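Chemist:
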Amino acid sequence: MDCCVALFYVHTFREEGKRVLSICCLIAILGIAAYEDITSLKVSNRIICTGWCLGFLSNIFSTDLFTGSINWIKGIIIPICILFLLYIFKMLGAGDIKLISVIGGFFGSVFALKVFVVSIFIGGMWAVIKCVRYGYLYIRIIYFKKYLAEFIRSKKINPYYVRERDGDEIVIPFSAAIFAGYVIVEFIF
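Be aware that the sequence shown starts at 57, since it is given in the numbering used here, and climbs by one per residue.
1) Between the alpha carbons of Tyr65 and Phe112, how many angstroms are there, rounded?
2) Could you spell out the range, first to last residue, of the alpha helix (DSSP H) harbouring Pro135?
3) For the region 181-196 against the region 131-143, are there 3 or more C-beta pairs whose distance is under 8 Å?
4) Can you give the Cα-Cα distance for Leu82 and Val227, rounded to whole angstroms?
5) Could you give the DSSP three-state label for Glu225: helix, strand or coil?
6) Please work out which residues of its chain come closer than 7 Å, Cβ to Cβ, to Ile14, disregarding the five sequence neighbours upstream and downstream, and give them in chain order.
7) Buried or exposed: which applies to Ala205, given that a residue is buried once 16 or more other Cβ atoms fall within 10 Å of its Cβ?
8) Taking 9 Å as the cut-off, decide whether the C-beta atoms of Phe162 and Ile234 are in contact.
9) Using the beta-carbon count (16 or more within 10 Å), is Ser165 buried or exposed?
10) Nearest-angstrom Cα distance between Arg255 and Pro215?
11) In the DSSP assignment, find the alpha helix (DSSP H) that holds Tyr199 and state where it starts and stops.
12) Tell whether a beta-carbon distance below 9 Å holds between Pro135 and Ala168.
13) Using CA atoms only, rank isn't needed, just tell me which of Ile208, Leu155, Ser118 and Ile144 is closest to Gly73.
14) Between which two residues does the alpha helix (DSSP H) containing Met117 stretch?
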């Protein structure tokens, strides 16, 4: 009986060790992406591809090649498909969507979408604070109302944000909100 208990603890420790390693890898990827986004307003595909590769390895080492591959593919594809509409409206950058898919590649699409929801709240609060600080809040609310009215009237998709027209003052480096959202979901929820 003691042997069975010991094997159970060894197995549990090994599985937890894999999860901890995955968490550490993902924190590093998200941290680097957040730093890059804050400094350059972009997330390089090199960071995204590294995250996808590490997520794939994490999945196949946690299960087996077939199951891990399927879980990884679903974890990446589902968030991209769901969030693509926000990219079409230029409300979210391609790098941000791919970064959410990196999280899905590690821990599945449901977990990634939970992180996204928390990140939206963090990014929204950050945006309001930034707009108040720079005196743009009223202007942005009016712009958003006009944008929605124009979309409803014309049924035409126009980008919500155009860098040349809107400038960088109101831009939120959303990868930083994703990083914070991940930490909150992983360690608090």
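We put the beta carbon where it would ideally sit given N, CA and C, even for glycine. Since we're looking at a predicted model, the values are computed, not measured.
Modeler: Taking the structure as given:
1) Unreliable placement is indicated for Tyr65, whose pLDDT of 46 sits below 50; no coordinate value is reported for it.
2) Leu121 to Ile144
3) no
4) 24 Å
5) coil
6) No answer is possible for residue 14: it lies beyond the span of the chain, which begins at 57 and ends at 245.
7) exposed
8) no
9) buried
10) The question about residue 255 has no answer, for the chain in this structure spans 57 to 245.
11) Leu193 to Ser210
12) yes
13) Ser118
14) First, the amino acid is wrong: residue 117 is Phe here, not Met. Where Phe117 is concerned, the enclosing alpha helix (DSSP H) stretches over Asn101 to Ser118.
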